[in-house]
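Using this note's numbering, the final residue of the sequence shown is 360, and nothing's skipped along the way. Built from N, CA and C at the ideal position, the CB exists for glycine as well. Here the structure comes first, spelled out in structure tokens, and everything after it is commentary.
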Amino acid sequence: MNQLWQRFLAPVVDGLRYATLTSYTWQQPRLLLLIFLIPVLFLGRWLLVHRRRPRLGVAFVAGELRRDYSAALRFVPDIVLGLSLAFGLVALARPQRTDERVVQTGQGIDILLLVDVSSSMELQDLRPNRLEAAKRVAREFVDGRSGDRIGLVVFAGDAYSLAPLTTDYELLRENLQSLKLGMIQNDGTAIGTALGVATNRLRDSRSRTKVCILISDGENTAGSLDPLTAAQLAHAFGVKIYTIGLGQDGYVPYGKDEAGRPRYVETRLDETTMRQLAQAAEGQFFRASDNNALRNVFRRIDQYEKSEIKQTRYRNTKDYYRIYLFWCVGLWLLWLALKNTFLTNSLED
């Protein structure tokens, strides 16, 4: 009995629940609109019969006619017929559920973002400043990747791995958002040390492609590892380096003075070294002097470094119209049975 209920009766009863009906997708959803025409159909039938029905004048003495609520039972067959038609329309609309399974084949690539957080990243030739512009565009770059492991290294006078290689992009976005000026106490620009930390992260990677994206606005002024030596070491482990030089040369805005007037400081990017680093590791150097240029640089890198990941989608669609067809036929047979009982007024038919 329990098996009969679980296998046959439970699905039939469960199909009447509102949550079940809303969980379906419908192959012919417009047919459901015809359900609202069923009451109109019965109303039209009643009006037609009411016009043609012969009338017999009968006089009753006041108070002698009693109301009998059992007379309302004569509407039961029509209600049963209406429900049968409604379930029939639900069955014709083809309720379905689709299970989709995605299988990925291929392999993503490993990418490390190396972001300069030294004090010079506060300069405002990029809006609102260099660091915030770099963070915003790096987040957009992360949003555009799929299936790749991405990590984060921050550096100033020292370098630290802030986020390991991961596909948890939400965690990575949170780490990018947490970047701020002064988070590394030792100020300066240790490009060589940052490349060394990145190479240490990537050297054991089994990915066919390993990429470093170095974002900095100055020349190497700290650290004990020469940047060019670090780039050559990275290349020996199969790491490709893209370097992005931020900002403009010359005098650029840097806050305001006591009178509220813009203050300017002189800055210079060691473009020669940045180019050498990229060439040593089979990458490219890009110069980003404003926000749009920085965004375009990341778009170009995104086009260069593509993962060869193929997605195969398997869709399994299951029909549930049989449940409602069962109700339709069952109620139809019940209606035919009720027409031959006392519930139906034979004079009306």
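Residue i versus residue j: straight-line alpha-carbon distance, rounded
i	j	result
R272	A149	31 angstroms
S216	T177	12 angstroms
L305	G158	24 angstroms
F248	R214	6 angstroms
I226	A145	8 angstroms
G162	N186	10 angstroms
L336	V23	10 angstroms
L347	R324	48 angstroms
A291	T36	56 angstroms
T109	Y332	14 angstroms
Q259	R160	32 angstroms
L288	L239	6 angstroms
Reference residue i; option with closest CA among the options
i	options	result
G384	Q135, N307, Q39, A167	Residue 384 is absent from the model: the chain starts at 12 and stops at 360.
E111	N327, D136, L342	N327
G119	T352, D281, G258, V222	V222
L54	R28, L27, F86	F86
D370	T220, D179, E230	Past the edges of the chain, shown from 12 to 360, lies residue 370, and the structure says nothing about it.
H246	G261, R274, N211	N211
E282	Y275, S300, L236	S300
L8	L345, C339, S218	Here the chain has residues from 12 to 360 only, and residue 8 is not among them.
D136	I122, D228, L84, G203	D228
I334	V101, G261, S129	V101
T220	R311, E316, W57	E316
L173	R138, L124, T204, G203	L124
Continuous alpha helix (DSSP H) stretch holding residue i: start and end
i	result
I90	87-103
T352	Element bounds for T352: n/a, residue is neither H nor E.
E133	No alpha helix (DSSP H) contains E133, which DSSP labels as neither H nor E.
F152	141-154
Y29	29-33
Counted within 10 angstroms of its Cβ, other Cβ atoms place residue i as buried (16 or more) or exposed
i	result
F152	buried
S357	At S357 the pLDDT is 44, less than 50, meaning the model places this residue with poor confidence; the figure from the coordinates comes in the next sentence. S357 should be labelled exposed.
F47	exposed
T284	buried
A30	exposed
P40	exposed
V164	buried
L244	buried
P106	buried
R141	buried
D25	exposed
M132	buried
S34	exposed
K251	buried
Y253	buried
L206	buried
Residue i - containing beta strand (DSSP E), residue span
i	result
F309	First-last for F309: 302-315, but that is the alpha helix (DSSP H), not the beta strand (DSSP E).
I161	160-166
L123	121-127
F296	296-299
inquiry  = I'd like the ranges of any alpha helix (DSSP H) spanning at least 4 consecutive residues and lying wholly in the segment 159-246.
reply    = 180-188, 202-213
query = Considering only residues of the segment 258-299, which uninterrupted beta strand (DSSP E) runs meet the minimum length of 3 residues and lie entirely inside it, listed in chain order?
reply = 261-267, 273-278, 296-299
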